Amino acid sequence: MASVTLDRRFSVLPPIKKEESMDVNSNMMNNGENYHRTENSESVRKLSQENGISRSVNLDIPEQPFSSILKKTRQFQEFDSFDKEENLRLEEEIKLHHLEKLMNRFHKHKPEAILLQAGTGFFPAKTLPRTPGCMNLAEFKQTISDVLVTDEYDDYLEKLFMKLDSSGSGYVDWNEFCTYLLLLYRENDYMRTKREIPFLVEPKIRHIVQNRQEQTTKIVAVDGPTRYVTISREGAISVWYPSMQYDKYYIISDDEVDTSQKRRFKMWVTDAIYMPNCHKIAIASTSRDIRFFDTSTAQYFEEWHLFALPDVPYCFDYYYDKRNPNSESLLIFGNDTGDINILRFYKPVTQLFNVPFKNEGGAHKIFMQNLHEHSKYIGHTVLPAVHPELIRQVQFVPDNDMIISSCASPVKSIVISVTSLKKVYVFKIDKGVECFDFSKKLNILVTGSLDHNIRLWNPYVTFKPMAVLEGHGTGVIGVKIHEGLMQVFSYSKEAVVKVWDIKEHALLQTVILKFPSSIHGRMPEHGQFPIHLQPSPQSSLLVTCNDYIGLLKLGRTSIPHSDTVNTHDTQLCCAIYNPMFKQVATGCDSSVIALWDIETGNKSVVLSNAHMEEEITCMTFDSSYRRLLSGARNGTIKVWNFQNGHNLHKLEAVAEAEVTGIMPLLDKKIILAVGWSRQITLYEDSDPDSMYVHAQQTWKGGQLHKDDILTIDFCPPNLLCTASFDGEIIIWDVETEKVFNRLRKGAASNLKKKIEDMSSVTEKSTESDRPKSMNSRPNSRHQKSHKLEKGSPSQWQAMLHKDSQTAPVDKVLFLKGRATGRNMEVSSLVTSEGGYIRFWCLYGARNEMGYFYAPDQPDESILGMCTNQNNSLLVTGDTTGHIKVWDILSYCIRFQDKGRIKSKPLLEAHWRAHDSAIVSVEFAKHDTGDYIISASTDKTARLWTLREGQYIGTFGQKRSWNLKEPTTWAHPRTPWTLNVDSSKKDTDSSTTVSDSKSQLTDGADLDLQPEGDKLHGNQPEKTRIKSPDLVLPPVETKTVETTDEKPTKTSKREPRELRPVDKTFLGIRVEKELLRKQKDRKERRENFGDITLKKTQQYGKLCSPFQALSVPTVVDIKIPNNMPLSSRMISKGYTSQNLTEDMVMNMDFSYGGRDSPQGGDQVGEPVAPKKVVPGSKAGSREKESRSSMRSTPRVFAAPTLKKHHTVA
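What the sequence shown shows, in the numbering used here, is residues 295 to 1502, in sequence order.
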C-alpha cells in the first residue's frame, strides 16, 4: 500500500481505498487500523452541552484521528472567529466542536428534490429526489460559513470542495469530508515528516545452543577479523561470524583439565568488554574476579585472572589512545556497592601485569591484594560512594576526563563526574535509569528507565530533560545513539526495537522481534546488556533475548550531505501540471508520486510505494483535473484522488509489460491504455465505486501495431494517435474505433530482411553492432547514452542514417489549435523520431509537410515536447539536457510545391536545463505568466520561464519562491552556478592567474561551438561551453521556409568561433584559468597517458599524479662534459673527458668489500684482523685499495663507527 504525505510536511500512512472508507455514523472503522471511539458518551454529551449542541444528538467520533486536537485547550467561546491571514490552511484550524457541528449539519441535511419539469394543471411536476446528507457546492459553503461564522474562506472552500468531490458528481457527504480530514490529522500521531527508516530487511534470529537456556549477558565485537562474541550468564562464550553463522565456543572454568561442559560452579557473568589495542576480552563475574582472554589467535585462551576483588564488578568501560595504542589505557568498572574503580594499564600492548614466566599451563593468577607488586604495568584508583547502590552502567568520555554512571536509585540516577574540574552533575529520575548512552559529537545524553520512557538530556542541565519519548509498553533496557543517522535505537523488555529521530523527537520505526522464547505470551528474560550497535562496515544492531540473538542490518548508516538539490531519489519519468489546483505532479522510478505547489515550489502531497516499488512510467490527469492516473513498468494502472491519497481504482494489467500511455476520455467514460502489449486496452470508467476494473480488449480496430507502442495523444473531439517503436504512426477515430489515417507503416519486416542480408554478407558484424531487441529493450530514458556507437560506422548504423524513417517515435503531439480550424491543409501533428521533428497533415494524400533536426549534437533524441495554448511555440527537450523554444506560428501551414520543408523554424530561446536526458517538458499557464516544467533523469524537475528561459527553481529545494516576486527566483543564476556559490566564495578575487601561465592568446579564438551546430544547424543558437558554469546568452535568429537541402542564411549574425566573453559569472580571469587548466590536463594526458588505479594504489595515500603516469618513451641521459668529480674518482684516474656511461655503471665506490681495510685503521680503534675466506675473490685489488685509502683524506662523523658505509 502506498503512503501519503500531505502539505506542511504531514506524511500519512497508506491511503484508504474506496472499499475501506469509514462510516462514522455506524461507528465502524473498516480501514484496517485500530481506532478508538470515545470511551464515555457522557463526556461527549458534556462537551456538546458546553458547545451549545443539543443533547439529543448522538455524537460518536473516533478519537484517534483527532487526538492532536483533543490535546489542545478546550476553553473556547461559543463561536470562534477566523483570520484569513493568520490561518493558511482551513483544515488545520478546524477544532473538535466545529467537527461536531458539521457532523450534525450533515446528518440533518435533507435537500429538496431537483425539479426536472414544472407541473401544470393536468400533470404534476417531475422531480429527482436527492440523497440526504449530500451537499452541493453552495450548500457546503453555506454550512462551513455558518459553523465558522465567517465568509473569509469562500474562495478556498471552492477548492476544498473540488478536493473532496473526487468523482466529480457535484456532491459531498460526511464520509468523504471525514475521510479527507482523517488522512490529514492521522499522521500527527505517527510522524510529522517522511523519513527513511533504517531497518529495511527482516532480522536474523539465531539460537545460542551453548547457553543451555541461560540468557546472554553481553555481546562484544572483536576485530582482526570481525567476530561477534556472546557471553552467557553462566560463562558460555560463543563466537559468531558477521553473517550470524556459528563458529566456536568456550566455557569459563577453573578446572583446566575437565572439558565435560558441565556446570561446575554457580558464578554469574556480570559484564564483558573488548580491549582492542591489546586484543583481550575482560570478563567479570559474581566471584569477584576479572578474567582476561586473549583473542589475537584463532583459539581464544584465558591469559590473566585477577581475583579476590573487594566487591563484585558489575559493568565495564574501556578507553585507549588510538594514535598511541601502547600508551596508558583505562579499564573502568562499577561495582555492587556504588564505587567506581579505574585500572590504569601503562603498557597494555606489551604486558598487562608483571608476572614471570612459569612452566605450568593455564592463566596467570593475580591476587588483588598484591596488585602493588605490579605497579610497573598497572595502577588502581577508586572513586568511592558515587552511587548509593549497584552501578548498572558506566561510560568514560576522554575529552574532559568525564565518567558517566547510572543506577536504579531515584536519588542519584545519573552521575557525571568531571575529574578534571572536580565537579559532579547529578540527575534524578523517579524509577532510576536502566541504561544510557552519550554522544560527545551531538552533546546529548539518552536514558532509558522502567517507566517505559526515553529521555534526552543536555549533559549539563540536570533538572529537566530536553524531550521525553513515549511509546514503549514495557521498561526500556537498552539505548544506543547512531551519530551518523542522528537517531536513537531503544530496546524494551517485550523484545521491541524502536527508532527515534533526535531532531524531531519522533518515532520513525518499530521492529517487533519474534523470538521463539517469547511467543507464548510470557515476558522474556534478558541479560544485563542486551543491545550492541556495530559500526561500519557491518552496520548492524544486535539484541539478545533469553538464549537467542537477533541481528538487524542497517540499510543506511549516514545522512547524505550534498549541495545538489534533487526532486526525487531516483530518475524521473515525467512531470505534469494541474491548472485547476496549480500543482505539479512528478513520478520517479522508486514508485513515488509527489505533488508540488507551482507558486512556491513546496511539496504538497507524497504517495510513497504507489505501485509496490515498481517503476512509474507514465502519468496523466483526467479532463476534470481531479484524478491522477499512473502506469507502471509491470503493466499496472491506478487511479488516484491525489489530494488525499485515495486509490480510487485499480485497472487490470493486460500483461506484465510497460505502460507507456494513458488517455482518460471523461465524456465517453472510458480509459484507454497503450504500452508494450502492442494493443489499445479499454477500461470502463462509469462506476465511481468500483475498485477493480477489468480490461476489455474489444478495440474494434484490432492490433495493427507490430511493435511496442511508445506514445499516445488525443485531439478533441475524436482523433487518437498512437506510434510504435518500428516507426508506425496511426490516427484512430475514437467514435468508430477504426483507423482514420495511417501516416506511416511500420518497417519491422524490412529491418529483419536487412539484418539477414547483412549477416549473410559479413561475418564481422556482432550482436553489439545492432540495436537491442525490440521486445527486450530498456526504456529509452533508462539508457545512459542515446547516441549511436562510436568508431567506424557499421552497415547497421549506415542503414539507420540512410533510412531515418526506421527510428522509433519517441513522442507524438497534436496541435489542437490548428486541428480545430477549417484549414485542412495545415500540419496538426508533430512527432519526434531520433531527434528529427516532423510535421504531419492528417488529411489528403500527402501527409508529411516538413521536418528538421532539433538537437545540437548528432545521434540525440527528443523525448519531451509541448506547445503553448495557441500552438505558436513548440518546446523541445533533448537527451543532452537542453531546452529549445521554436516559433512555429507560420511553420508548415501550407504545402510547398517543391516538396517537404527541411529548414528549421525560428529559435526563440535555447538554454541548458539539466545534466542528463530530459524526459518531459510541460507548458504551465499561470496568472503571472507562461512557464515550462522540465523533468530529467538527473532526479530533478525544474521551473523556467517560457520565452526567456529564466531559472526559477528546482522542486525540492529548501528555499521557496514566489511567482509574483521575481526577486525570489534563482535567476540570473543557474543550477550550476548555485552549486558554485555554495562551495566557493569570491573565486575571482582569490584566484591569481599569471600571464606566463595563461596560454590563451588574443590572436587565437577558442572554438566553443558544438559539433551539432556544424553538422545539423545553420545558426549559432545558444553556444555552450563544456564548463557547466558558463553558458552564453542566446543569439536571435530568424528562419525562412525553404525546400532546398542546402542550408541557407537564416540568422542575423553569421556563425563564428567564439571565445569567452567578459560577462561571466566568475569573471574572465577565472574562466581563462579554467580553460588553461583544461588544456594543460589534455596535454599531460597526451604525453603521459591516463592514470590507472593500480598504479596509484602502490604509492599509498601520498602520491603525486605524475608518479602514476606511464611514460611511453625513455630518453637517454648523456654525461655532461663539465661534470664535477670527487677526489676519490680523481685518485682512480677518472676525468670528465674520458668518463663514459659504461665506466659509471661498472664503477666500484664501496668500502665494505672483503678486500677493503678494517675499520680499526680508520677510526683509531683496534680491530682484530679479518680472516680471508678460502675461495673468495680477495687480494687481487687488495694492495691497490689499501694504498688508495691511505692516500685519500677521510673525515668521520663519530669515533664509534665500527663498520664502513657505502659512499655515493
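Glycine included, every Cβ here is placed at the ideal spot set by N, Cα and C. Since the structure is predicted, the reported quantities are computational estimates derived from the model, not experimental observations.
Only residues of its own chain outside the window of five on either side were considered, and among them Ala419 and Thr421 have a CB closer than 7 angstroms to the CB of Leu409, listed in chain order. Going by DSSP, Met957 is part of the beta strand (DSSP E) stretching over Val953 to Leu959.
Within the DSSP secondary-structure output, Cys472 pairs in no beta bridge. In this structure, Val516 is the residue among Ile708, Val516 and Phe1133 with its C-alpha nearest to the C-alpha of Ile567. Between Thr914 and Ala1235, the gap from beta carbon to beta carbon reaches 8 angstroms or more. Note that the C-beta distance between Val688 and Phe627 is below 8 angstroms.
In summary, Gln822 is buried, with 16 or more beta-carbon neighbours lying within 10 Å of its beta-carbon over all protein chains present. In the structure shown, Thr1262 falls within a helical segment according to DSSP collapsed to helix, strand and coil. Between the region 838-849 and the region 491-504 there are three or more C-beta pairs closer than 8 angstroms, enough to call the two in contact. Contact between the region 794-810 and the region 824-840 is established, with three or more Cβ pairs separated by less than 8 angstroms. Per DSSP, Val441 is one residue of the alpha helix (DSSP H) stretching across Leu431 to Leu442. The three-state reading of DSSP puts Leu451 in helix, counting H, G and I together.
The Cβ-Cβ distance between Glu1154 and Thr1174 falls below 8 angstroms. Leaving aside the five residues that flank Asp883 on each side, the residues in its chain whose CB is nearer than 6 angstroms to its CB run, in chain order, Thr864, Gln865 and Glu909.
In the displayed model, Ile1424 falls within a helix according to three-state DSSP. Gly844 has Ile499 and Val837 as its beta-bridge partners, per DSSP. According to the DSSP secondary-structure assignment, Trp993 is paired through a beta bridge with no residue.
Ranked by Cα distance from Thr1231, the first of Val755, Cys867 and Tyr544 is Cys867. It is roughly 18 angstroms from the alpha-carbon of Val859 to the alpha-carbon of Glu893. Around the Cβ of Ala412, a 10 Å sphere holds fewer than 16 other Cβ atoms; the residue is exposed. Residue pairing by DSSP places Pro642 opposite no residue, since no beta bridge is assigned to it. Taking each of Ile738, Phe783 and Leu684 in turn and checking the Cα distance to Trp751, the smallest one comes out for Ile738. Lys734 carries a coil assignment under DSSP once its states are collapsed to helix, strand and coil.
For Met569, the enclosing beta strand (DSSP E) starts and ends at Val563 to Met569. Across the structure, Asp630 and Arg686 are spaced so that their CA atoms are roughly 9 angstroms apart.
In chain order, Asp1027, Val1028 and Glu1029 place their CB closer than 6 angstroms to the CB of Asn1012, counting only its own chain and leaving out the 5 sequence neighbours on each side.
The criterion of a C-beta distance shorter than 8 angstroms is not satisfied by Leu603 and Arg617. Membership of Glu1435 in any beta strand (DSSP E) is not indicated; the residue belongs instead to the alpha helix (DSSP H) covering Glu1435 to Met1439.
DSSP places Met696 in the uninterrupted beta strand (DSSP E) bounded by Met696 to Cys701. For Lys797, the number of other beta carbons within 10 angstroms of its own is below 16, and it is reported as exposed. By the Cβ rule, the region 899-908 does not count as touching the region 948-962, because fewer than three pairs are nearer than 8 angstroms. Collapsing the DSSP output to three states places Thr1271 in a helix. Scanning Tyr614, Glu654 and Ile1413 for the CA closest to the CA of Leu637 turns up Tyr614. Ranking Val649, Val791 and Asp891 by CA distance to the CA of Leu845 puts Val791 first.
Inter-segment contact for the region 654-672 and the region 713-731 is absent: fewer than three beta-carbon pairs are separated by less than 8 angstroms. Residue pairing from DSSP places Trp1238 in a beta bridge opposite Ile1226 and Tyr1245.
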